[in-house]
Amino acid sequence: MKYKPGSGFTVPLVMAIAMQYLEELIANIGDYDKFTWSPKTRMIYIFKTKKQVLALFWELVEGSRNFRPDVPIYLIAVTNNTDISVNATLKRAYQMLAKITNQPLFGSWINEHGTRYLDAVLQLSQK
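8 is the number that our numbering gives to position 23 of the sequence shown; each next residue is one higher, with no gaps.
Written out as structure tokens, the structure is:
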């Protein structure tokens, strides 16, 4: 049987549940200040190895009708949120993203000046 992108398509996780899991993740993530989290699968991606990068790529391709395995996927932070907690900005962004993708993500990252961000993340692909 030939694999079809989108074969694992499901709706996004309900916002209240996603926010609850995100709060727990932030409280328990430990020394990992840079990560991407998928509420849909509840997987945490640290991206220290190529295998972890490919695991998120495959999750996105399998779970969406919009991505193909032969096309790059870009992760774009949409909130620019420096408050490292679940707040109204993240909630609004998650609700907005859930309307346009079934796989909204959250990401924690640090810029070149040392400022940490916790953002809602949209994934895009060139078709």
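We put the beta carbon where it would ideally sit given N, CA and C, even for glycine. From a predicted model like this one, the values you see are computed outputs, not experimental measurements.
- prompt: DSSP on Val38, reduced to helix/strand/coil?
  reply: The residue you call residue 38 lines up with position 53 of the sequence shown. Note: Val38 maps to helix in three-state DSSP.
- prompt: Quick one, are the C-beta atoms of Ile69 and Ile11 less than 9 Å apart?
  reply: Taking the sequence shown and counting its residues from 1, the one referred to as residue 69 is at position 84. Taking the sequence shown and counting its residues from 1, the one referred to as residue 11 is at position 26. Result yes, Cβ atoms of Ile69 and Ile11 sit closer than 9 Å.
- request: Tell me whether Tyr79 sits in a helix, a strand or coil according to DSSP, three-state version.
  value: The sequence position of residue 79 within the sequence shown is 94, counting from 1. Here Tyr79 sits in helix by DSSP.
query: Between Phe32 and the rest of its own chain, which residues show a CB-CB distance below 6 Å, the 5 nearest in sequence each way excluded?
result: Here residue 32 refers to the residue found at position 47 of the sequence shown. Excluding positions up to five away in sequence, the list reads Val38.
message: Relative to the C-alpha of Ala83, which candidate in Ser49, Pro54, Asn65, Ile29 has its C-alpha closest?
response: For the purposes of this step, residue 83 is taken as residue 98 along the sequence shown, with counting starting at 1. The alpha carbon of Ala83 has as its nearest neighbour, out of Ser49, Pro54, Asn65, Ile29, the alpha carbon of Ser49.
query: To which residues does DSSP link Gly92 through a beta bridge?
result: Locating residue 92 in the sequence shown gives position 107, where the first residue counts as 1. DSSP, once it has assigned bridges, lists Thr21, Asp104 as partnering Gly92.
query: For Pro54, does the count of other Cβ atoms within 10 angstroms reach 16, so buried, or fall short, so exposed?
result: Numbered from 1 along the sequence shown, position 69 holds the residue referred to as residue 54. Result: exposed.
- prompt: Hey, quick one: how far does the beta strand (DSSP E) through His29 stretch, first residue to last?
  reply: Here residue 29 is taken as the residue at index 44 of the sequence shown, counted from 1. Note that residue 29 is Ile in the sequence shown here, rather than His. Here the beta strand (DSSP E) through Ile29 covers 28 to 30.
field: Own chain residues within Cβ distance below 8 Å of Glu8, not counting five before or after
entry: Your numbering for residue 8 matches position 23 in the sequence shown. Cβ neighbours of Glu8 beyond the five flanking positions: Ser70, Val71.
- prompt: Where does Ile58 sit, in a helix, a strand or coil, going by DSSP?
  reply: Walking along the sequence shown from the start, residue 58 turns up at place 73. Three-state result, Ile58: strand.
query: Roughly how many whole angstroms lie between the Cα atoms of Arg77 and Lys36?
result: In the sequence shown, residue 77 corresponds to position 92, counting from 1. In the sequence shown, residue 36 corresponds to position 51, counting from 1. Counting only the Cα atoms, Lys36 lies some 32 Å from Arg77.
query: Under the rule that 16 or more other beta-carbon atoms within 10 Å means buried, what is Met(-14), buried or exposed?
result: As a working mapping, residue -14 is identified with position 1 in the sequence shown. Since pLDDT at Met(-14) reaches only 41, below the 50 mark, its modelled position is unreliable, and the value read off the structure follows with that caveat. Classification for Met(-14): exposed.
query: Looking at Lys19 and Ala88, is the spacing between their C-beta atoms short of 9 Å?
result: Within the sequence shown, residue 88 is the residue found at index 103, counting from 1. Within the sequence shown, residue 19 is the residue found at index 34, counting from 1. Here the sequence assigns Gln to residue 88, which means Ala is not the residue at that position. Going by C-beta atoms, Gln88 is not nearer than 9 Å to Lys19.
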